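Residue numbers (the working numbering): 1490 to 1669.
Where a beta carbon is used, it is the ideal one built from N, C-alpha and C, also for glycine.
Because the structure is a prediction, the values reported are computed rather than measured.
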């Protein structure tokens, strides 16, 4: 299976990077082909809603690293969204990529893709509700795209790399990738 992994953390060795590496290790072990796009280290301008693209009929007028991502996104059978939790939502870096889906909306929507959400936050003391808005946003956009959810790993209590390493979440990410 072709898998595109979209990461949104600006921390190269942070919590979500560790989860991503574990997921990829499991998926590669299972024989899947992985393309990773680290949005925080790419140039992705926000969508300006000019509608020149016709939601996939014409190329986007913005020339940036979305041009690199687009063929991988279109070929992917599974798209993995990876983000730290920032004020109840995904990082701005990942959100910019997601907003640019608009430019190829007609090519993505109803395409039969599957998706996964991997997220991490420090807010263990508040319980699982810390991730509720992020989970609702994820479910909303994959419902709109008519994609199938294949799982979510919500790593609460993981504000640092050592926190996530000491948790059971990396093994969950590895197993999720391995058992696709």
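Item: Using the C-alpha atoms, what's the distance from residue 1647 back to residue 1654?; Value: 9 angstroms
Item: Look up residue 1622 in the DSSP assignment and say whether it is helix, strand or coil.; Value: helix
Item: Can you tell me where the beta strand (DSSP E) holding residue 1604 begins and where it ends?; Value: 1603 to 1609
Item: Could you tell me which residues DSSP puts in a beta bridge with residue 1567?; Value: 1492, 1603
Item: For the pair the region 1570 to 1589 and the region 1603 to 1613, tell me if three or more CB-CB distances fall below 8 angstroms.; Value: yes
Item: With distances taken Cα to Cα, identify the nearest neighbour of residue 1522 among 1492, 1649, 1551, 1538.; Value: 1492
Item: Rounded to whole angstroms, how far is the Cβ of residue 1553 from the Cβ of residue 1532, which I believe are closer than 8 angstroms?; Value: 5 angstroms
Item: Check this for me: beta carbons of residue 1582 and residue 1529, under 9 angstroms apart or not?; Value: yes
Item: In three-state terms, what does DSSP make of residue 1556?; Value: helix
Item: Give a yes or no on whether the C-beta atoms belonging to residue 1636 and residue 1586 are separated by under 9 angstroms.; Value: no
Item: Please tell me whether, using a cut-off of 8 angstroms, the distance from the CB of residue 1543 to the nearest non-hydrogen atom of the ligand SAH is below it.; Value: Among the components modelled here there is no ligand, and therefore nothing to report on the ligand SAH.
Item: Output the residue ranges of the alpha helix (DSSP H) runs that lie fully inside the region 1504 to 1560 and measure 4 residues or longer, sorted by chain position.; Value: 1504 to 1518
Item: If you count every other CB in all the chains shown that lies within 10 Å of the CB of residue 1649, and 16 or more means buried, which is it?; Value: exposed
Item: Using a Cβ-Cβ cutoff of less than 8 angstroms, which residues in the same chain neighbour residue 1662 once the five nearest sequence positions on both sides are dropped?; Value: 1508, 1509, 1511, 1512, 1515, 1607, 1642
Item: Under 6 angstroms Cβ to Cβ from residue 1562, same chain only, skipping five residues before and after it: list those, please.; Value: 1493
Item: Under three-state DSSP, which class holds residue 1572?; Value: strand
Item: Take residue 1504 as the anchor and find which of 1658, 1584, 1664 has the nearest alpha-carbon.; Value: 1658
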